[in-house]
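What follows is a single structure, written as structure tokens, with notes after it.
Chains as they are written, first to last, in my numbering: chain F, 4 to 333; chain R, 4 to 333; chain S, 2 to 385; chain V, 2 to 385.
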């Protein structure tokens, strides 16, 4: 099996963007628009209008000026595709996709069955992982979804390694039997699909099954159905990703705090010291260094959870009438 | 209600340690031994023998030399008590204790019911939080455990604010009715205890209930039993604490790595540069700065989960026959 | 050994109090100071503060802008009435027809199970069966409370379904009321919310008992203390003394305003004197080196700056607890403490996961990282 | 459109291969190179490597130190036999008498539920009832497989109990076999374990296809490249060329040893030439500035040191992914990348929670923070 080396593809790129290529238009952090480049068309977004003519012939990663701002034109990857998908409900995000692909042991040459197809987010990730000589069979009961993803695969040059199928795997099983290396399930009743999955897997090579469930009760039933179908090493894993925010770090001395308040560098009022404040040396000693904080930055308040841990570590000297608490206040 | 100002207590201390005081002997990080100081006795531990006579009359926080090393003598707090408890199975740790006390809204004057007493770890934390004018009723079906904790409360000067009760709250309810501000449950069948808990709480003041369960199924049944008993704002919370390790940070340049390998400062072989290595300037440029890493430090390998996230972000250019992967190796 | 009962008067809502207002199963809880004629608005729910005065903290029902205390008994009673309606309903709507939040309380709603599995034949059959069983129990005159008991004790199948639905029912009920401007709210006093109160401890109306545990000291005084203002035989005995103290001047705008108020209001004067007296005690406590713990919680102040001022004054065996959203601040504080021989150093982080427990759909909520920072703890000891 | 089938020969275990060895439901999995006469030991389980040669990867049963392929069908079959034994057992031992891991498979064991609740009357009654129901189904001749189906489709009560026990039974069975030197293990090839393989890509026996995707380049060459060794008209066409290259000397001990082997073994020579050819290609790829991504994963190497060497050579729109256990390293790398106009910068961390799914005792395992570090990602763009 060979891949078309000509034509648009998530797998191969020419140095410059051609008509028919899928590009990811990076507008701002968190806002990306996937677009198939076509002469005569115009993309409308936050920064105004961008005519596709301007995109064609440019290099990937180029910064282009739209009518009201700048955007970047990026090569599509499965990660960018997932992040920029317009249908943002109920899709699997990058962290989950990565974990699923790892657990399925997807690699070039792997044959994988998936159900349901859904938005095609994971389908793209799997297809790219098994390329160029593997294959993805993706099943869904919704024909319109299947058609949509089939169209996307074609546009993205992935048709030859993917087969979208309209089929209910819970009742009718999978498109292949005794053939695949891995089965991924994201269906409401995985326990019904699991015996079919066992039949879809290659008897000689063995294989893996991964079932994604949004709730505990499904997980519990899926676990026992897997054991009953002869699967071993059944494990339940939840991926909890955390994103950190990198912010300019601002360290104040207590003197600076007394003088300026809990102000971040930009807000710091430049007042002349009039003798009242002692030991005032530097305004923002560490303003240029960066520090990572959790994405959920506190709004100037200590959150309850931290505070209660603090209280317990401190022990009896707090919230106790005999010991007194000294509170420093501005 | 007044507290004894004389005698040993978790609530009041004299400046110097007296006979009968409970002290926490801090041996090493993670190894603390709670001891009641008594003339004539000797504590045996990792660093040899320590005669209690040496402890009496010393200041809290003093460093003492035992026969084979140094230890510190610390004032007991509920946190240190929890951490140093010899019975380390099935006890609630500081993070959970803190969360429970916060959710129960324990404060000086609160009246709290607890079941089971167990190791008395949480009982101590609650007693200290409600002191000096609140009260803790702690219930357990195991008389020996109750006796043990009662003895501890006496030794720790907490007798007057605590009442240990041998009673099965699931069948016989709590020691008080229409009286308390909060009920904590850590029993195998909380659903049986919840209606009793509703009766134990003050009708005029209202109150809170917190049930701790090790497994999902108990949580599910407890939730519905709470709603059925008229509790509102039912929430399920899991505390996931994480401890970070602060290590000396070592930054190598690629040149240094090529020369010395993945060596931490102590292990770095001091070899003279013989002209082969280019741009070698400094051996350990940042060795004195510290950095926090998760407690599960990697053993020189990237763990699978990280790697798979890496792979997915990178997208199609990896694990793909058409694109090639350049790997830098020493 | 009788339980000490908290004074009932302390549980009564009064003019000027800060209260926590929370809509039952609402999204947010807010701290609001209740003053006369004030309109309180929370999540589309409106009522006058006056209507809450004189009533004890607890559960309220909002009706035509008025706060009416609501007992749990009535809540359970209403629940049972609603259950009876379910039992006598003859034509339950199919579960999949639930469309809007307004119509969400259909008579069938209590036994809607596992929406994610609704498409499947066996699931639907099971629901049907259970619905029949529930109706049968109703016919036999089993009361709601009894039935809950039976279900909890009985089959796990019923247990995880029907009564969960009940819990959901309560939530939905609250929601419906909300839509019709008639819903339960909870009013709680602020005592427990110490976390939020510390930054504003000087302005909030704490009760006597709580106030006595706080000794607010202005940072200005602690910084000035470096030059020993109080040791200079100028220890202030009351507010006036502090005001006459040249080292710690009080020409701040706020202070001036307060002075005006003072002239008009003897009560305010007494409060101020009390505050300054407590400040003096606080400074004294710091000076006598008897503090058993030091808690530092700030977004921007370098903890080392505070440690340099106060660490030496802590009693040996004292705990040091430092919160910061910035890990780097804590790392430098860690190095500082290690140099001074502090022991039992720990840097911790914490995640709180909220689980949504629903019939056949128990799942963790996505937004779960509550703790926006790290905590460094240590114990001060007397060095060898 | 027929599915491409992987060559069967590729699935056969052969001499010298690196394999992942894992005991079913064991604690650890290890990478072991299988060589003749080698004794493999994993969690008290011992067998000879020879006994695995010539057999396909998969499930094995260890018996008297020998590896015997085991089919899933047989596993299920044995399970059913065992179930039948349970069904005919007349005197189930009381659940609380289970004392040691050896005797843990009592006939009653399959329906032991929620040990934490065992002391309670209602719980015990319920167990008794279900035990009876299970025995009744057995008497009616319902097969294990069918029963599982029934239970899954039927009452949630049965579903979460009996079949869970079955899953537990499989685990216990494995455990028992382990104790009697007779247990299942899984042997998997290493292809998927790329994470572990990268640091040792040059020494592991990858198959042709995988090898072709790796172009190992020695750091030495990349550093030397700063002074353009290959551009100096001294581009090496094969291994010899590299060896004669004065800038990139090859006097390392390992290389010398390899040269000896080379003299004896033509095959090794070919492998070495191939490796050097791939290195040349790798260097060329770096030079043509066509790399679509840069992944940096190191415990100690400052990512900036690598970025300074390679960032300029990346194709625009390339992804940069940096792993480090030290957050500070990534913060400085972040600043470096921001200065160069990189976009879509993200610093992420990840926790993997393992849930133990057991009958009425589903709970998260304590040790759950797997990911020992952070990942910084960015995309290179052409600046305005």
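From the three backbone atoms N, C-alpha and C, an ideal C-beta is built for every residue, glycine too.
Proximal chain S residues relative to residue i, where beta-carbon distance stays under 8 Å
| i | result |
| --- | --- |
| residue 66 of chain R | 382, 383, 384, 385 |
| residue 229 of chain F | In chain order: nothing, as chain S lies at least about 18 Å away. |
Contacts that residue i makes with chain V (C-beta to C-beta distance below 7 Å)
| i | result |
| --- | --- |
| residue 257 of chain R | 220, 224, 302, 306, 307, 310 |
DSSP state of residue i mapped onto helix, strand, coil
| i | result |
| --- | --- |
| residue 59 of chain S | strand |
| residue 105 of chain F | helix |
| residue 68 of chain R | strand |
| residue 115 of chain S | No answer about residue 115 of chain S holds up, because its pLDDT of 22 lies below 50 and its placement is not dependable. |
| residue 283 of chain S | helix |
| residue 149 of chain R | helix |
| residue 345 of chain S | strand |
| residue 22 of chain R | coil |
| residue 48 of chain R | strand |
| residue 134 of chain R | coil |
| residue 143 of chain F | strand |
| residue 28 of chain R | strand |
Proximal residues of chain F, C-beta to C-beta of residue i below 7 Å
| i | result |
| --- | --- |
| residue 77 of chain V | 233 |
| residue 358 of chain V | 222, 223, 226, 239 |
| residue 59 of chain V | 209 |
Integer Cβ distance of residue i from residue j, believed to fall under 8 Å
| i | j | result |
| --- | --- | --- |
| residue 98 of chain F | residue 242 of chain F | 5 Å |
| residue 348 of chain S | residue 249 of chain R | 6 Å |
| residue 34 of chain V | residue 19 of chain V | 5 Å |
| residue 223 of chain F | residue 363 of chain V | 6 Å |
| residue 380 of chain V | residue 320 of chain V | 6 Å |
Listed by chain order, chain S residues near residue i by CB distance under 9 Å
| i | result |
| --- | --- |
| residue 178 of chain F | Result: empty, since nearest Cβ-Cβ is about 21 Å, beyond 9 Å. |
| residue 59 of chain R | Within 9 Å Cβ-Cβ: nothing; residue 59 of chain R doesn't reach chain S, min ~16 Å. |
| residue 246 of chain R | 347, 348, 349, 350 |
| residue 36 of chain R | Going along chain S, no residue has its Cβ under 9 Å from residue 36 of chain R, so there is no contact; the nearest lies around 14 Å. |
Neighbour-count burial assignment, residue i, 16 or more Cβ in a 10 Å radius
| i | result |
| --- | --- |
| residue 292 of chain V | buried |
| residue 220 of chain R | buried |
| residue 216 of chain R | buried |
| residue 41 of chain F | exposed |
| residue 19 of chain F | exposed |
Listed by chain order, chain R residues near residue i by CB distance under 9 Å
| i | result |
| --- | --- |
| residue 336 of chain V | The contacting residues do not exist; residue 336 of chain V stays about 14 Å from chain R at best. |
| residue 70 of chain S | Correct list: empty, because the minimum Cβ distance to chain R is about 11 Å. |
Proximal chain R residues relative to residue i, where beta-carbon distance stays under 7 Å
| i | result |
| --- | --- |
| residue 273 of chain V | Correct list: empty, because the minimum Cβ distance to chain R is about 14 Å. |
| residue 318 of chain S | 63, 64, 77, 78 |
Partners in chain F for residue i, counting only beta-carbon separations shorter than 9 Å
| i | result |
| --- | --- |
| residue 355 of chain V | 238, 239, 240, 241 |
Within chain S, partners of residue i - CB distance below 7 Å
| i | result |
| --- | --- |
| residue 98 of chain R | 351 |
| residue 328 of chain V | 328 |
Neighbour list for residue i in chain V, Cβ cutoff strictly below 8 Å
| i | result |
| --- | --- |
| residue 13 of chain R | Going along chain V, no residue has its Cβ under 8 Å from residue 13 of chain R, so there is no contact; the nearest lies around 28 Å. |
> Is the stretch 351 to 367 of chain V touching the stretch 320 to 335 of chain V, taking contact as three or more C-beta pairs under 8 Å?
Replying inline: no
>> For the structure I just gave you, are there three or more beta carbon pairs, one from the stretch 63 to 78 of chain F and one from the stretch 26 to 33 of chain F, closer than 8 Å?
In response: yes
>> Under 8 Å, with one C-beta from each stretch per pair, do the stretch 149 to 164 of chain R and the stretch 175 to 189 of chain R reach the 3-pair mark?
In response: no
> Any contact of the stretch 45 to 55 of chain R with the stretch 291 to 303 of chain S, i.e. 3+ C-beta pairs under 8 Å?
Replying inline: Touching, no.
> Does the stretch 226 to 237 of chain R touch the stretch 197 to 209 of chain R, meaning 3 or more C-beta pairs lie closer than 8 Å?
Replying inline: yes
> Are the stretch 141 to 150 of chain R and the stretch 120 to 131 of chain R touching by the rule of at least three beta carbon pairs closer than 8 Å?
Replying inline: yes
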